[in-house]
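Participant:
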Amino acid sequence: MRIFLTGATGFIGSALVPELIQAGHQVVGVTRSDAGAEALAAAGVEVYRGTLEDPEGLRAGAAKAEAVIHTAFDHDFSRFAENCEKDRRVIAALGQALAGSDRPLVITSGTGMGAAGHGELAVEDVFNPSHPNPRVASELAGNALLEAGINVSVMRLPQVHDTVKQGLISPLVEIARQKGVSAYVGEGRNRFAAGHLLDVARLYRLAVEKRQPGARYHAVGEEGVEVRAIAEALGRGLTLPVVSIAPEKAAEHFGWMAMFAPMDLPVSSALTQARLGWHPTGPTLIADLDAMRY
């Protein structure tokens, strides 16, 4: 297929490009920069100039594709709610480009959307439209397209990791450096689900090839890694003491990350694995943290 890929030079997109090409697909990759264009061209990707701030430009590019995978997202968490609304507009535009066809669109969301409540195991067949996380806007946009007859499926991401980046754990590394301690909230028994980058890239490919309207997939290799174990791994890597922070002191210590640090986010991928024959094989989150060059 000729696949239009947003976020083609990003963390996930950079792993997805070779996954798609090796499977015989033609990739049209979106980038905003000259450096990104050079990298994509060198990888055998057709370059398309575009930005999340120009959804109409992305719609025009998607209109010429046989499938669309949307991985791009503005990760400026100081403007998180605003960026989630921007994602809603982009998803709507990409869907409009596919109207009147069965061409698939795979959008990206977070695994928390599959949890009925705090600490409950998130599953693929649950969607909480009243979820307080602003990222719910992405799936609401997908649902609107689905109701309009667009072939939309959703990839829900946990903490995606390799030895360079680890989702929300990467900012925890910087906070630990700044504060001189690696910290967790309370007892640190709350959990983050995780998925290795290469496993996640393979799952995106399987999802776009499956072409299943309304499907929701969890890119999860580990249902839940305790945050205390994560803090201990960072302490080993940074040679810093590991400490517990009282919940009322979390905002002072973690800053904007305080909204995430105490969350308990276990996630199942059992249905994903059964439906797509996907079986994660990559290193664990702790293994990647221990292998990282701090």
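Going by my numbering, the sequence shown wraps up at 307, each residue one higher than the last.
C-beta atoms are modelled at their ideal positions from N, C-alpha and C, and glycine is treated no differently.
Can you check DSSP and say which residues form a bridge with Q172?
Facilitator: A207
Participant: Which one of K99, E236, F205 has the shortest CA to CA distance from M274?
Facilitator: Strictly speaking, residue 274 in this sequence is Ala, with Met absent from that position. Among K99, E236, F205, the Cα nearest to that of A274 is on F205.
Participant: Output the distance between the C-alpha atoms of L159 and Q225, rounded to the nearest integer angstrom.
Facilitator: 11 Å
Participant: For the ligand HEM, any of its heavy atoms closer than 7 Å to the Cβ of I16?
Facilitator: Absent from the structure shown: the ligand HEM. Ligands present: none.
Participant: Can you grab the Cα-Cα spacing for the pair A28 / S114, in whole Å?
Facilitator: 28 Å
Participant: If I follow the unbroken beta strand (DSSP E) through V58, where does it start and stop?
Facilitator: Premise fails: V58 is in no beta strand (DSSP E) and is neither H nor E.
Participant: Could you give the uninterrupted runs of the alpha helix (DSSP H) lying entirely in the segment 23-49, keeping only those of 4 residues or more?
Facilitator: 24-35
Participant: Tell me, please, whether the segment 147-161 touches the segment 251-259 by the rule of three or more beta-carbon pairs shorter than 8 Å.
Facilitator: No: the two stretches stay apart, fewer than three of their Cβ pairs being nearer than 8 Å.
Participant: Would you call the segment 14-21 and the segment 77-94 touching, i.e. three or more CB-CB distances under 8 Å?
Facilitator: yes
Participant: Can you tell me whether G37 is buried or exposed? The criterion is at least 16 other CB atoms within 10 Å of its CB, across all chains shown.
Facilitator: exposed
Participant: Using three-state DSSP, classify G290 as helix, strand or coil.
Facilitator: coil
Participant: For A287, count neighbouring Cβ atoms within 10 angstroms of its own Cβ and tell me buried if that reaches 16, exposed if not.
Facilitator: exposed
Participant: Which complete beta strand (DSSP E) runs does the segment 110-197 hold, if anything under 3 residues is left out?
Facilitator: 117-123, 164-170, 172-174
Participant: Consult DSSP for H266 and reduce its assignment to one of helix, strand or coil.
Facilitator: helix
Participant: Please determine, among G162, V173, A283, L33, the residue with the shortest C-alpha to C-alpha distance to G57.
Facilitator: Ranking G162, V173, A283, L33 by Cα distance to G57 puts L33 first.
Participant: Quick check: the segment 135-148 against the segment 178-194, are there 3 or more CB pairs under 8 Å?
Facilitator: no
Participant: Go through the segment 217-266 residue by residue and report every complete run of the beta strand (DSSP E) that reaches 3 residues or more, in order.
Facilitator: 229-231, 235-239, 255-258
Participant: Please name the residue, chosen from E51, D100, H231, that lies closest to V280 on a Cα-to-Cα basis.
Facilitator: The candidate whose alpha carbon is nearest that of V280 is H231.
Participant: Can you tell me the Cβ-Cβ gap for A244 and G201, rounded? I've got them flagged as a contact below 8 Å.
Facilitator: 6 Å
Participant: By the DSSP assignment, the beta strand (DSSP E) with A78 in it spans what residues?
Facilitator: Counting along the chain, A78 falls outside any beta strand (DSSP E), and DSSP gives it neither H nor E.
Participant: Between the C-alpha atoms of A161 and C97, what's the straight-line distance to the nearest angstrom?
Facilitator: 21 Å
Participant: What is the rounded straight-line gap between the Cα of R169 and the Cα of H266?
Facilitator: 29 Å
Participant: Going by DSSP, what residues sit across from H83 in a beta bridge?
Facilitator: DSSP, once it has assigned bridges, lists T19 as partnering H83.
Participant: Output yes or no for whether 8 Å exceeds the beta carbon distance between M305 and P184.
Facilitator: no
Participant: Whose C-alpha, out of A196, V119, G250, is nearest the C-alpha of V165?
Facilitator: Of A196, V119, G250, the residue nearest in Cα terms is V119.
Participant: Locate the alpha helix (DSSP H) running through D303, then write down its first and last residues.
Facilitator: That run of the alpha helix (DSSP H) goes 298-304.
Participant: If we count the other Cβ atoms within 10 Å of its Cβ and call it buried at 16 or more, is H174 buried or exposed?
Facilitator: buried
Participant: Does DSSP put L53 in a helix, in a strand, or in coil?
Facilitator: Correct three-state label for L53: helix.
Participant: Per DSSP, what are the beta-bridge partners of V280 in this structure?
Facilitator: Answer is A135, bridged to V280.
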